[in-house]
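Counting in this note's numbering, the sequence shown runs from 849 upward without gaps.
The C-beta atom is built at its ideal place from N, Cα and C for all residues, glycine as well.
Predicted, not measured: the structure shown is a model, and the values here were computed from it.
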Amino acid sequence: MTAVLSPPAVSGLAAARDVVEAAAGEPLWSLSDRELAVQVGQALALRAQADAVLLACLGEAEARGLARSRGATSMVAWLRGSHRVGPGEASRLMRTARALRERLPGTAQALAEGRAQLGQVEVIADSLKDLSEQVSPARRAEGEATLISACDSLDPVGLGRLGRRLEELLDPEGVQARDEAKICDHEAKAFGKRELTLSPDPYGSAGTIRGRYDAAGYAVLTAALEALSAPLPATPDGEKDTRSPGARRYDAFVEISRRGLHHPATGSGDGGKAQIRVTIPLSSLTGRTGYGVLDDGTQISPTLARMLACDAAIIPAVLNGHGQPIDLGRERRLYAGPARTAIEIRDGGCVWPGCRRPASWCQVHHLIPWSEGGPTDQANGGLFCWAHHRDIEHREWEAFHHRGRIWLRPPERLDPHRRPRINHTHRPPPPTTDWPPR
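Shown next, in the form of structure tokens:
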């Protein structure tokens, strides 16, 4: 009979499995607490080393195209089909294996020596994966070494916070760009999923309202509800407001709706405006980069903050470079009362070409932003519905006042000549002699 010779790596793994199997069969009741604690540490280090071997094997297997030679479409599919690994775990293993093989040799060594756990290694790989090309290899290696040394004292959560801080130090511009893109993407998705569902009771005596809101809509609604849902003061007889928080919010919602029916959006309501505070760096407010933060910690883009500031009582807390407030806004920037009425009479509704939404559905937008010195006067204001207000704030379209009407100039991608357009839905078109120059 001919003996089958195994490479040292294969035979070594087989021998290691035998040792582990024997150790797993040992009774633990005879160990002291100190010995048991040492055993746990040894077992964790052993698991880390086994993970290091597994990830190295997976990296080599992917480089060879092993999955396709075994009839699978990918390494993830092969792990799921041949080794019963769950889809999420298989994807994480392959991401980490690629990172260790291609760009994190120090982290791979720490895992192989049992100085880092797999969860920590995944955090290191995730923290360093998006660094831009402007970060030199030496700086990358320095950041990796810092995270590896922290594995002795930080769990994956703490290591993730450190990794985030390192990203900001090593690649501040890249981090800001990624954060802005992520926030804007989340805002767009949330806005696309917005809905409000009214479900009347079959007997007509009640109903249910359910909603899904984006950050801006949720902030406006929350501020309005909080302004009207506080417990009522006790009566002279000592009777307290016994309504539950949910009941008070319901009553506030009904009251807001009632005021809306009696005082459509003309600025003639007699109640105080609900206030929302947005904290935003001065550089973000003027440079249209970075992000703002609502009272509840929700991050919003400067574009959305400016859009809210046009028509809701937003109080912007502007911060200097040291994070200290340098200016608190006032409501004087808002179009209300006669100022809004005059613009409603002039525009009739949303000024976006072809939009049929009435004035009561619109906000007054500063054509020259208030944050950039734009005045709150009739010539600098125009009615935009909620959807088109978002579009104009992104500044691809240019809105301007010309001879008593609001015109919009499209971006070059839609019209290379950028010919001005006007909405004819609410008001008749002006004579051609009043059209602005191209």
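Residue i, DSSP secondary structure in three states
i, result
"Pro-1048", "strand"
"Pro-1206", "strand"
"Thr-1056", "strand"
"Thr-1127", "strand"
"Gln-1226", "helix"
"Val-1141", "strand"
"Gln-887", "helix"
"Gly-873", "coil"
"Gln-1211", "strand"
"Ala-1247", "strand"
"Cys-1233", "strand"
"Leu-1076", "helix"
"Ile-1270", "coil"
"Gly-860", "helix"
"Leu-902", "helix"
"Ile-1216", "coil"
Burial state of residue i, where buried means 16 or more other Cβ atoms lie within 10 Å
i, result
"Trp-1255", "buried"
"Val-1102", "exposed"
"Val-867", "exposed"
"Ser-1092", "exposed"
"Ala-1184", "buried"
"Arg-1253", "buried"
"Thr-1056", "exposed"
"Arg-1058", "exposed"
"Leu-1044", "exposed"
"Val-969", "buried"
"Thr-1280", "exposed"
Nearest neighbour of residue i, chosen from the options [CA to CA]
i, options, result
"Val-1212", "Arg-865, Ser-997, Ile-1240", "Ile-1240"
"Ala-1187", "Gln-1147, Asn-1228, Cys-1203", "Asn-1228"
"Pro-953", "Trp-1209, Ala-973, Gln-965, Leu-941", "Ala-973"
"Lys-977", "Arg-1012, Leu-1182, Ala-1071", "Arg-1012"
"Leu-903", "Lys-1088, Gly-967, Thr-1127", "Gly-967"
"Glu-950", "Glu-910, Arg-987, Val-933", "Glu-910"
"Ala-864", "Pro-875, Arg-895, Val-886, Leu-876", "Arg-895"
"Pro-1268", "Val-1199, Ile-1191, Gly-860, Arg-1026", "Val-1199"
"His-1249", "Cys-1233, Arg-1238, Arg-1266, Asp-1282", "Asp-1282"
"Leu-876", "Leu-884, Ala-898, Ala-1190", "Leu-884"
"Ser-1219", "His-1265, Arg-1204, Ser-997, Pro-1150", "Pro-1150"
"Gly-907", "Asp-881, Ala-1029, Arg-932, Leu-948", "Leu-948"
Proximal residues to residue i (C-beta, below 8 Å), its chain only, five neighbours per side dropped
i, result
"Asp-1000", "Arg-963"
"Val-924", "Pro-935, Ala-938, Ser-939, Met-942"
"Gly-1202", "Asn-1271, Thr-1273"
"Ser-1077", "Pro-1093, Arg-1096, Arg-1097, Asp-1099, Ala-1100"
"Glu-1021", "Ser-980, Gln-982"
Chain-order list of residues whose beta-carbon lies under 7 Å from that of residue i (same chain, five-residue window excluded)
i, result
"Ala-900", "Ala-956, Leu-959, Ala-960"
"Arg-987", "Leu-1018"
"Gly-929", "Ala-920"
"Gly-991", "Leu-976, Leu-1014, Leu-1018"
"Ile-1216", "Gly-1222, Asn-1228"
Other residues of its chain near residue i: CB distance less than 6 Å, five sequence neighbours each side excluded
i, result
"Phe-1039", "Asp-1062"
"Asp-1225", "none"
"Arg-1196", "Correcting the residue type first, residue 1196 is Gly in the shown sequence and not Arg. So the list reads His-1274, Arg-1275, once near-sequence residues are dropped."
**Study point:** Every unbroken beta strand (DSSP E) inside the segment 976–1042 [3 residues or more]
**Key:** none
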